[in-house]
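Below is one structure; the comments refer to it alone.
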Amino acid sequence: MHCQQIIHFGEPLEGRDYPTPEPKGTEVLLKVTACGVCHSDLHIWEGYFDLGQGQKMDLLQRMSLPFTLGHEVVGEVAALGPEATGVEIGDKRIVFPWIGCRKCAVCKAGDELLCMSPQTVGTRYNGGYADEVIAPHPKYLIPYDGIPTELACTYACSGLTAYSALKKLSHLKAEDHLLLIGAGGVGLSAVHFASSVVKAKIIVADVDATKRAIARQSGAHATLDNSDPQAALAELQEMTGGGAAGAIDFVGAPTTALFGFNSLRKGGHMITVGLYGDSMPLSTAMLPLMMRTIQGSYVGTLEEMHELMALVQSGKIAPIPYEVRPLDAANSALNDLKAGKVKGRVVLNPRA
Ligand SMILES: [Zn+2]
Ligand SMILES: [Zn+2]
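This is how it looks when you write it as structure tokens:
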């Protein structure tokens, strides 16, 4: 097995070779055919999440190194553990990575996303920056017939995250406005799906003119340049006649979160998705006075993954742009993502 691994947090990944892992119990071994490079890989690579006010979530206590990143994995079933049933050698599958411990009360109730001991592929289990990967159980393997392999992998995180966030605002009405902040990988996915999940008119805010242009081509009702948040808010007020009914912050920086919060009309609902980090000052009085809601949304459930793939397979979701690079170009892919040079997704192919 060849993989690109974190040896030390914050330092370039290094190529390593290991014997092919043997699947045990319900495990399934897959030959990786594609793996998306996600923004959250950057945070794991750095070894921490910035919680603001000098606080950090240090990943050194949660992960052991060397570690293989990659949670947007597609592969071909290569071997089955003795208790694994329901898939055959050669089956092409997306690996659903958001797996819980499968032992605690929330996992047993089917809410694996709420598990306090997650066993996510690519953040706890070694992931898909490799030519082979282990999935813990066949139920996490999702068919993607009719979808290009390199596109299919992006639905495991960027697509699913966008879908789950939008679904939390599916109560919005046709005359409402929904503000999407940040048209990078996940935000752009949301622009593509939005009309299949919510009825509201979509306004996309991004500081990058190229990304705004892509958002307009992808069906956004209007776009805003939020590099000057005050000017953008004034423009938004005029566009919406009193504020947005919903906002989704795909960046998660203090400026974008505050921009989203201030964009809301009375009763407005903001979903925070982005993991940029830091913290923001919030007017506590505005929460009750404006009856606003802020909700965090993290990836999505296995059930939502199946719903999303049904939408994708029925042709209701336009593909996001992606670019394929060889696995051993993982470092340059991460650096380009960090520098904001990626439009859509970079997908690693270990056989390219
Ligand atoms: Zn991700
Ligand atoms: Zn659990």
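Take the sequence shown: its position 260, counting from 1, is numbered 260 in my numbering, and each next residue is one higher. Every residue gets a Cβ at the ideal spot worked out from N, C-alpha and C, and that includes glycine.
**Item:** Bridge partners - M270, DSSP secondary structure assignment
**Value:** Answer is A247, I294.
**Request:** For C3, verify whether its CB is less than 6 Å away from any heavy atom of ligand 2.
**Result:** No, Cβ of C3 sits at least 6 Å from all heavy atoms of ligand 2.
**Prompt:** Can you name the start and end residues of the beta strand (DSSP E) that L60 belongs to?
**Reply:** Per DSSP, L60 lies in no beta strand (DSSP E) segment and is marked neither H nor E.
**Asked** In three-state terms, what does DSSP make of L160?
**Response** For L160, the secondary structure class from DSSP, reduced to helix, strand or coil, is helix.
**Prompt:** For V204, which residues does DSSP report across the bridge?
**Reply:** In the DSSP output, where bridge partners are listed per residue, V204 has L180, T223.
**Request:** Could you tell me the boundaries of the beta strand (DSSP E) in which T33 lies?
**Result:** Segment 28 to 37, the beta strand (DSSP E) holding T33.
**Message:** Tell me whether G110, by its Cβ, gets closer than 6 Å to a heavy atom of ligand 2.
**Reply:** G110 Cβ: outside cutoff for every heavy atom of ligand 2.
**Item:** Nearest-angstrom Cβ-Cβ length linking L30 and A135, presumed shorter than 8 Å
**Value:** Here L30 really is in contact with A135; their C-beta atoms are around 6 Å apart, less than 8 Å.
**Request:** Answer with buried or exposed for R345, where buried requires no fewer than 16 other C-beta atoms within 10 angstroms of its C-beta.
**Result:** Buried.
**Asked** If you measure from each residue's Cβ to the nearest non-hydrogen atom of ligand 2, which ones come out under 7 Å, in chain order?
**Response** Every residue passing the under-7 Å Cβ criterion appears here: G100, C101, R102, K103, C104, V106, C107, E112, C115, M116, S117.
**Cβ contact check for the segment 145 to 154 and the segment 275 to 288: 3 or more pairs under 8 Å** = With a cut-off of 8 Å, the segment 275 to 288 and the segment 145 to 154 do not count as touching, because too few Cβ pairs lie within range.
**Message:** Quick check on DSSP: helix, strand or coil for D145?
**Reply:** D145: coil per DSSP, three-state reduction.
**Of the residues D131, M57, A329, E112, the one placed nearest P19, counting alpha carbons only** = P19 has its Cα closest to that of D131, out of D131, M57, A329, E112.
**Run of the beta strand (DSSP E) containing A285, from where it starts to where it stops** = DSSP places A285 in no beta strand (DSSP E); its state is neither H nor E.
**Asked** Mapping DSSP to helix, strand and coil, what is L275?
**Response** If DSSP states are grouped into helix, strand and coil, L275 belongs with coil.
**Item:** Among P254, G246, V191, A245, nearest to T402 - alpha-carbon criterion
**Value:** In the structure as shown, the chain starts at 1 and stops at 352, and residue 402 therefore has no counterpart that could be examined.
**Message:** Count Cβ pairs between the segment 173 to 185 and the segment 243 to 261 that sit closer than 8 Å; are there 3 or more?
**Reply:** They touch, by the three-pair rule.
**Prompt:** So, S40 versus L275, is the Cβ gap smaller than 7 Å?
**Reply:** Taking the C-beta atoms as reference points, L275 is found nearer than 7 Å to S40.
**Request:** Quick one: which unbroken alpha helix (DSSP H) runs of 4-plus residues sit fully inside the segment 96 to 133? Chain order, please.
**Result:** Listed in chain order, the alpha helix (DSSP H) elements of length 4 or more contained wholly in the segment 96 to 133 are 105 to 108.
**Message:** Please return the same chain residues whose Cβ sits closer than 6 Å to the Cβ of P254, not counting the five positions on each side in sequence.
**Reply:** Excluding residues within five positions, the ones whose Cβ falls inside 6 Å are D278, M280.
**Cα-Cα separation, G268 to V204** = Straight across, the Cα-Cα distance linking G268 with V204 is about 17 Å.
**Asked** Which residues have a Cβ closer than 6 Å to any heavy atom of ligand 1, listed in chain order?
**Response** Having a Cβ closer than 6 Å to some heavy atom of ligand 1 are C38, S40, H71, C157.
**Prompt:** Roughly how far, in whole angstroms, is the beta-carbon of I128 from the beta-carbon of E72, given that I think they are within contact range, below 8 Å?
**Reply:** Before going further, note that residue 128 is Gly rather than Ile in the sequence given. About 7 Å; that satisfies the 8 Å criterion.
**Prompt:** Would G122 pass as a contact of L69 if the rule is Cβ separation under 7 Å?
**Reply:** Yes, the pair counts as a contact, with Cβ atoms nearer than the cut-off.
**Asked** Which partner residues of K316 appear in the DSSP bridge assignment?
**Response** The partner list for K316 (beta bridge, DSSP) is empty, contrary to what the question assumes.
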